[in-house]
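K.L.:
For the sequence shown, position 322 matches number 322 in UniProt numbering, and the numbering has no gaps at all.
We put the CB at the ideal spot given by N, CA and C, even for glycine.
My questions will all concern the structure given below.
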Amino acid sequence: MLDEHVPARPQKPFRLMTAHAVRASLRNPLAAFFTLAFPLAFLIIVGTIVGGATTEEGVPVTQFLVAPFAVFGVAQASFTLTAVETAVLRESGVLLRLHAAPIPAAAVVAARICASAVAAGSAVLLLTAVGVLAYDVEIVWNKVPAMLITLALGIACCAALGIALASSVRTVTATQALAQGILIPLAFVSDVFIVNVDLPQPLELLGSFLPLKHLALATAETFRPGAGAGFSPQHLAVLAVWAVVGVLIARHRYGWTPHELGGGPASTRTPGPARTHLSNPLEPGRRSPFMALHGQISYALLGMRRDALSVFFALIFPAMLLALFPTVFGDARVHGMAMAQYLFAGLTAYTIAVTAYVDMPEGLVAARTAGVLKRLLGTPLPFGAYVAGRVCVALLTALLGGTVLAAIGIGFLGVRLDAARLPAVLLAAVLGSLCFSAMGAALAALLPRARSLVAVTLGTLLPLSFLSEIFVVGDQPLPGELTALADLFPLRHLLQALLTATRPDGTGAGFAWGHLTAIAAWALVALAVARRRRAGLV
C-alpha cells in the first residue's frame with residue numbers, strides 16, 4: 001500500500017497496480033477459463049480429430065491450429081477481460097478513489113493493459129507449448145520477432161477497444177454481454193474458429209473490416225514454415241488504425257465516476273432483481289404450493305430478463321450458430337443429415353444444458369452469496385419452492401430457445417419436424433432440463449463461489465459439446481476413444497434422443513428409450529448428491 005505521507009516515485013504506483021491487476025486476473029476462474037482453458041480445449045479436441053493429417057506441402061495440419069486458438073485467448077484477455085475489469089472498477093468506485101489518490105491517470109490504464117498482456121502472453125505460451133509437445137508444431141524461429149510484434153500490436157488494439165467499450169456502456173452486465181456478444185460471433189467470421197472457408201460476401205466484408213481477422217491472419221503467418229521475416233504490413237496497419245480508433249473513443253468517453261452512485265459495488269453478474277421479499281406477501285395459511293411456485297417463477301424470470309449475458313448464451317448465441325453454419329457450409333451434410341437439420345437438434349440440446357447446468361445453479365450460488373437462501377429459511381416459503389422456481393425458469397427458457405431455433409430452421413433453412421413426434425421432442429427436452437438442473441444443483445452445493453461454479457460448469461459443458469458432436473467439426477466421425485468418453489455423460493444421450501425425435505426420415509413415435517434412460521439415471525444420481533449436500537446450498 002502506498003504511504004500517503006511519502007510521495008512515491010512515478011514508477012512505483014504503476015508496478016504495484018500492475019501486480020495487483022495480475023493477481024486479480026489469476027483469482028478470476030471465469031477469465032482464466034475463457035483465456036486459457038477454452039482455447040486449449042479447442043486445440044486438443046480439433047488436434048485429436050485431425051490426427052496426423054498433413055497439407056499438400058507435407059506440413060502437419062496442427063501447425064496451423066495454434067495461431068487461431070491463441071488469437072482467441074489473446075482477444076479474450078485483452079478485449080473482454082480489459083473491458084469487464086474496467087467496468088467493474090468504475091462501478092464499484094475503485095476508479096473514483098484512485099482518481100483522488102496521487103496516482104497518474106495513465107498508470108491506472110497502463111496497469112490494466114499490462115495485466116491483460118500477461119494473460120494474453122500466457123495463453124500464447126501455453127498453446128504453443130502444448131502444440132510443440134503433443135502435436136509436432138514447429139516454432140519458426142526466424143519469424144518469432146514478427147510474432148512478438150504482431151501480438152504486442154494486437155494486444156494494444158484489443159485493449160484500447162476494450163476500454164473504449166467499457167467507457168461507452170453504463171453497466172458491468174451490459175459490458176460483459178456486449179464484449180462476449182461481439183467477440184464470439186466475430187471469431188466465426190475472422191479465421192479463428194473457421195479457417196480457410198469461403199464465407200458469404202457480407203460476412204467476408206464484415207470480418208475484413210474489423211481487426212480480429214487481421215490479427216488472426218498476421219499471427220498465422222508467423223507460424224507458417226518457410227523463409228521470410230513473417231511480417232504482414234497490411235494486417236498490422238489495420239490493427240494500428242483500430243488501436244487509434246479505440247484510444248480516441250476511450251479518451252472521449254472514459255469516466256472515473258460510477259453511473260449509479262450509492263448503488264453499492266457492482267458484480268460481474270447480477271443475481272436477480274432487488275426485492276425485499278421472495279414471493280407474494282400472502283398470509284401463510286392462504287399461500288398454496290401452486291401460488292408459492294408461481295411467485296418464485298415470476299421472481300426468477302424477472303432476474304433472467306435482467307441478465308443480458310445469460311440471455312445471449314441461452315437464446316441469441318445458438319440462433320446465430322444455426323443461421324451461420326448452413327450459410328457458410330452450404331449443402332454440407334453431417335452424419336447423413338442436412339447440416340441445418342442436425343444443428344437444430346444439437347443446438348436445442350446445448351440450450352437445454354446451458355440454461356439448466358450453467359445459469360440455474362449460478363443463480364442459486366449468487367443468492368447464497370447474497371444471504372438470500374439463509375434468510376429464506378426463516379420465512380414460510382418452502383425452500384423447495386424457491387429451487388423449483390429456478391428449475392422451471394430454466395425449462396421455460398430452454399423451451400423458448402428451442403422455439404426460436406425451430407422458427408429459424410423451419411422458416412429459413414428447410415428444417416422439417418414431424419408433428420406426430422413432438423411428444424418425443426418435448427419429453428427429451430423436459431427430462432434433459434431436469435437432469436442438468438439436478439447436476440447444476442449438485443455442483444452448487446459442492447462449490448463455494450459463483451465464479452468457481454461458472455468456471456466448472458462452462459469448463460465441462462463446452463468441451464463436452466464438442467465431444468458429444470453438438471458443435472461438429474466436419475463430417476468425420478470422432479475417434480473411438482472420444483466417442484466412448486462422450487457416451488459416459490448425459491449430453492450426448494440428450495443429443496441422440498433429440499436427433500431420433502427430429503430425424504425427418506425416422507419411423508415410429510421417435511422415443512429413444514435407451515438414451516432417455518441414461519439421462520434419467522444421471523438425473524437420479526445428481527439429485528441424490530444435491531439432497532445429501534443440501535446444507536451446502538445455504
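Distance cutoff 8 Å, beta carbons only. Does residue 176 sit that close to anything in chain C?
P.N.:
Here there is only one protein chain, and chain C is not present.
K.L.:
Which two residues bound the contiguous alpha helix (DSSP H) that contains residue 42?
P.N.:
Per DSSP, residue 42 belongs to the alpha helix (DSSP H) from 38–50.
K.L.:
If you draw a straight line from the alpha carbon of residue 226 to that of residue 20, how long is it in whole angstroms?
P.N.:
Straight-line Cα distance between these residues: approximately 41 Å.
K.L.:
For the pair the segment 127–134 and the segment 207–222, tell me if three or more CB-CB distances fall below 8 Å.
P.N.:
No, the segment 127–134 is not in contact with the segment 207–222.
K.L.:
Can you tell me which residues form a DSSP beta bridge with residue 338?
P.N.:
Paired residues: 333.
K.L.:
Are the segment 143–154 and the segment 90–103 touching by the rule of at least three beta carbon pairs closer than 8 Å?
P.N.:
The answer is no - the segment 90–103 does not touch the segment 143–154, with fewer than three Cβ pairs under 8 Å.
K.L.:
Between residue 543 and the rest of its own chain, which residues show a CB-CB distance below 7 Å, the 5 nearest in sequence each way excluded?
P.N.:
The chain is shown only over 1 to 538; residue 543 falls outside these bounds and no answer can be derived.
K.L.:
What are the boundary residues of the alpha helix (DSSP H) that includes residue 522?
P.N.:
Per DSSP, residue 522 belongs to the alpha helix (DSSP H) from 513–532.
K.L.:
Report all residues from its chain with a CB closer than 6 Å to the CB of residue 219; omit the five preceding and five following residues, and keep chain order.
P.N.:
Here the set comprises 67, 71, 150.
K.L.:
Does the segment 69–85 come close enough to the segment 157–166 that 3 or more CB-CB pairs lie under 8 Å?
P.N.:
Yes, the segment 157–166 is in contact with the segment 69–85.
K.L.:
Looking at residue 510: is its Cβ nearer than 8 Å to the Cβ of residue 421?
P.N.:
Against a cut-off of 8 Å, the Cβ pair of residue 421 and residue 510 comes out as a contact.
K.L.:
Quick check on the burial criterion: 16 or more other C-beta atoms within 10 angstroms. Buried or exposed for residue 513?
P.N.:
Residue 513 comes out exposed.
K.L.:
Return the CA-CA distance between residue 30 and residue 38, expressed in angstroms with no decimal places.
P.N.:
So the alpha carbons of these two residues sit roughly 10 Å apart.
K.L.:
Applying the 10 Å Cβ sphere with the 16-neighbour rule, what's the burial state of residue 359?
P.N.:
It counts as buried.
K.L.:
Look up residue 29 in the DSSP assignment and say whether it is helix, strand or coil.
P.N.:
Of the three classes helix, strand and coil, the one that applies to residue 29 here is helix, per DSSP.
K.L.:
Using only the alpha-carbon positions, how far apart do residue 397 and residue 56 sit?
P.N.:
Roughly 47 Å between the two C-alpha positions.
K.L.:
Taking residue 194 and residue 350 to be in contact with their CB atoms under 8 Å, please state how far apart those CB atoms are, rounded to whole angstroms.
P.N.:
Not a contact, Cβ separation roughly 18 Å.
K.L.:
For residue 178 and residue 166, I'd like the C-alpha separation in whole angstroms.
P.N.:
So the two alpha carbons sit approximately 10 Å from each other.
K.L.:
Do residue 80 and residue 201 come within 8 Å of each other at the CB atom, strictly closer than that value?
P.N.:
Not a contact, by the Cβ cut-off of 8 Å.
K.L.:
With three or more C-beta pairs closer than 8 Å as the rule, is the segment 483–497 touching the segment 395–410?
P.N.:
No: fewer than three Cβ pairs fall under 8 Å.
K.L.:
I'd like the ranges of any alpha helix (DSSP H) spanning at least 4 consecutive residues and lying wholly in the segment 309–379.
P.N.:
List check, alpha helix (DSSP H) in window: 317–329, 339–353, 360–369, 372–376.
K.L.:
Taking only three categories from DSSP, how would you classify residue 382?
P.N.:
Three-state DSSP puts residue 382 in coil, outside helix and strand.
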